[in-house]
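Comments concern the structure below.
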Amino acid sequence: MGLRGWLLRHAASRPPVLVVAGPYGTRLRLLVEACGWPQARSPAAAAVLVSCGPLGDRLASAADNVWNDMPGPRARVSLPADATAAQVRAALEQARESLADETAQLRDAAEHLTTAWHPGEAADPTMSCATPSEPPADEHEPSDEHLGGHGSSGGHAASHEHPGGHGSSGGRAASHEHSGGHGASHEHSGGHGASHEHSGGGGASGGHEGHMGVVGGVAMAGRGPDRDGLMLDQLHVPLGPVMADWPDGLVVETVMQGDVIQRAVVVTGHPEAGRSFWDEPWLAAAEGEPVTRGAAERRRAAAHLDSLGRLLAVAGWPDAARTARHLRDRLLQSDRLLQGDRLLQGDRLLQGEDRLVRGDEDVVADYARFARRVRRSRVLAWMLRGLGQVDRDHAFLAGDVLDRVHRRLEAAGDAIGRLQDHAPLTVDLGAGGEDRGPWGDGRDKWSRVAVDLLPGLLEGAELAEARLIVASLDPDLAQLSPEAAHG
């Protein structure tokens, strides 16, 4: 056994995974995350690229660009839409074996060299919005040890650790020990948590004035007046679609001066008609399938915990993000609509009503502790207060990012309290006010409103603030499909 082979096998023991999921890849994304492999924050940090379900042309092109940006050793996994939990685990294990295969990695490295970009190559304009990149540490990061690409470019917060915490999941943050005077102790890192590995370090190649051409898929800087009337460089920087803790499939094309967004345009698209994973209980009930209200509330609570986990990760609080996702997975492991998928590897699926009730009681208690911890965080409140203000016309979205966090906590807690409601769920999709899932009522869906609000909320925001605003809205693009609109 040579040293190189030993190093490959050692590195393959817990390889970081970068997940690419389209609007209809939520179930597969959850199955991948439940396997417990480290989540990469950028292509440069990833060893395995996992594509979840149908991606569509744009997202598939973005995934190809991400693959080209990934250093070796590396492996790629494409999961079909109907993959089971066992098939997901088998595919990841196969990727692990590929990472440890010295011959295969040397062959891939040789092929990678032949496909590298060279000066003078014509750029494909359609790809300029979908090339993830990670800026130099000295340009965007507070230190070389930046937590998973989520540090604040504006210096809004540092890492706060408490004894007994789990530490940084990314291990790349400058931290400041913090205790007393801030409510419940916790750990934060990265301040406003903007992940600067935006998908496309270059920009949209069309429709933006001031454009000076495209080199290697990267739009060159133009010039334009900033908010103070000064003529400064303008960069065309797309956010998404492949970015850690980012809504699946979302692309926001921005024009930026420094780290301030001057203009933002939301781009959505769907590979094919499909259903929102989070709306499944309501859609199933509408089609006449027997679904209890408790089953619907279980999915509702999991949806809000998924969004909370995403926002807390963007905010640089990995320990709380892990707790939210663990609670989400514990709820979904008892979700009978998942037809046998076990989201928690190593945990036995609860069998029988008695054990199910006891398991739910544990979730109720653990969620109460989690919600109390998040609500008492003064650092989190300071970080989120005043960002992304939405007027009162949009009920659940109203207020700032902090208001939306508290509203999600309340909604998740209410749903968890109704897990044992065995009354049948009745849904009339034609009724304008009928409750139809965690994201809104009737046809006036949360996701549509959120997408419509995003451009106005992002204009004038710093990149770090923009990441938090998007995470607080967390639109589910699967709800924007024709099938979702008409049931």
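Residue numbering for the sequence shown follows this note's numbering, beginning at 8 and increasing consecutively.
Positions of the beta carbon are idealized from the N, C-alpha and C atoms, including for glycine.
None of the values given here were measured: they were computed from a predicted structure.
For residue i, is the classification buried or exposed, using 16 other Cβ atoms within 10 angstroms of its Cβ as the cut-off for buried?
| i | result |
| --- | --- |
| LEU14 | exposed |
| ASN72 | buried |
| TRP324 | buried |
| ALA485 | buried |
| ALA116 | exposed |
| SER105 | buried |
| PRO170 | Residue placement at PRO170 cannot be trusted, given a pLDDT of 39 that sits under 50; the coordinates are not used to answer. |
| ARG81 | buried |
| TRP389 | exposed |
| LEU154 | Here the model assigns LEU154 a pLDDT of 35, short of 50, so the residue's position is not dependable, and the following value carries that caveat. Result: buried. |
| ARG65 | buried |
| LEU404 | buried |
In terms of residues, what are the limits of the beta strand (DSSP E) holding residue i?
| i | result |
| --- | --- |
| SER314 | SER314 -> not in any beta strand (DSSP E); alpha helix (DSSP H) instead, spanning 300-321. |
Considering only C-alpha positions, which residue in the set the options is nearest to residue i?
| i | options | result |
| --- | --- | --- |
| LEU25 | GLN46, THR33 and LEU37 | GLN46 |
| GLN112 | ALA92, VAL95, VAL274 and ALA54 | ALA54 |
| VAL258 | GLY265, LEU318, ALA418 and VAL274 | VAL274 |
| SER479 | GLY467, LEU487 and SER454 | SER454 |
| ALA378 | ALA308, VAL434 and TRP389 | ALA308 |
| ARG34 | GLY12, THR91 and ASP76 | THR91 |
| GLY43 | ARG329, ARG380, ASP400 and ALA457 | ARG329 |
| ARG16 | ARG103, PRO288 and PRO431 | ARG103 |
| LEU487 | GLU469, LEU99 and ASP459 | ASP459 |
| LEU464 | TYR374, ARG36 and GLN269 | GLN269 |
| ALA422 | GLY12, LEU338, ALA41 and LEU470 | LEU338 |
| GLN101 | ASP481, ASP400 and SER20 | SER20 |
| ARG48 | ASP400, GLU118, GLN241 and PRO22 | PRO22 |
| LEU387 | GLY60, LEU318, ALA468 and TYR374 | LEU318 |
Looking at the unbroken alpha helix (DSSP H) that takes in residue i, where does it start and where does it end?
| i | result |
| --- | --- |
| ALA98 | 92-107 |
| VAL412 | 408-423 |
| HIS401 | Premise fails: HIS401 is in no alpha helix (DSSP H) and is neither H nor E. |
| GLY12 | 10-18 |
| LEU391 | 385-391 |
Just grab the DSSP bridge partners of residue i for me.
| i | result |
| --- | --- |
| PRO23 | Answer by DSSP bridge pairing: none, since PRO23 is not bridged. |
| VAL55 | VAL24 and ALA82 |
| GLN264 | VAL267 |
| PRO431 | THR299 |
| HIS243 | VAL262 |
| GLU469 | VAL267 |
| VAL274 | VAL258 |
Identify, in the order they occur along the chain, each residue of the same chain with its Cβ nearer than 8 angstroms to the Cβ of residue i, setting aside the five sequence neighbours on each side.
| i | result |
| --- | --- |
| GLY9 | GLU109 |
| LEU391 | ALA322, ASP407, VAL408, LEU409, VAL412, LEU475 and SER479 |
Taking 7 angstroms as the limit between beta carbons, can you name the residues of its chain near residue i, skipping five residues before and five after?
| i | result |
| --- | --- |
| ARG415 | HIS311, SER314 and LEU315 |
| GLY187 | Only weak support exists for where GLY187 lies, its pLDDT of 40 falling under 50; the value from the coordinates is given anyway. Closer than 7 angstroms at Cβ, skipping near neighbours: no residue. |
| PHE301 | Note on residue identity: the sequence assigns Gly, not Phe, to residue 301. Around GLY301: ARG425, LEU426, GLN427, ASP428 and HIS429. |
| ALA394 | Here residue 394 is Leu; the residue named in the question, Ala, does not match the sequence. Result list for LEU394: ASP407, VAL408, GLU472, LEU475 and ILE476, in chain order. |
| ALA98 | VAL84 and LEU86 |
Ignore the nearest five residues each way along the sequence and tell me which others in residue i's own chain have a CB closer than 6 angstroms to its CB.
| i | result |
| --- | --- |
| HIS173 | Interpretation of HIS173 is limited by its pLDDT of 41, a score under 50 that renders its predicted location unreliable; the figure taken from the coordinates is listed afterwards. Taken in chain order, the residues that qualify are ASP326. |
| MET77 | PRO50 and ALA53 |
| VAL298 | PRO288, ALA291, ALA292 and LEU432 |
| SER58 | VAL27, ALA70 and SER85 |
| GLY213 | Only weak support exists for where GLY213 lies, its pLDDT of 39 falling under 50; the value from the coordinates is given anyway. Hits under 6 angstroms: none found. |
| LEU38 | ALA92 and VAL95 |
| GLY467 | none |
Would you say residue i faces chain B, with C-beta separation under 8 angstroms as the test?
| i | result |
| --- | --- |
| LEU315 | Absence of chain B from the displayed structure is noted, only one protein chain being present. |
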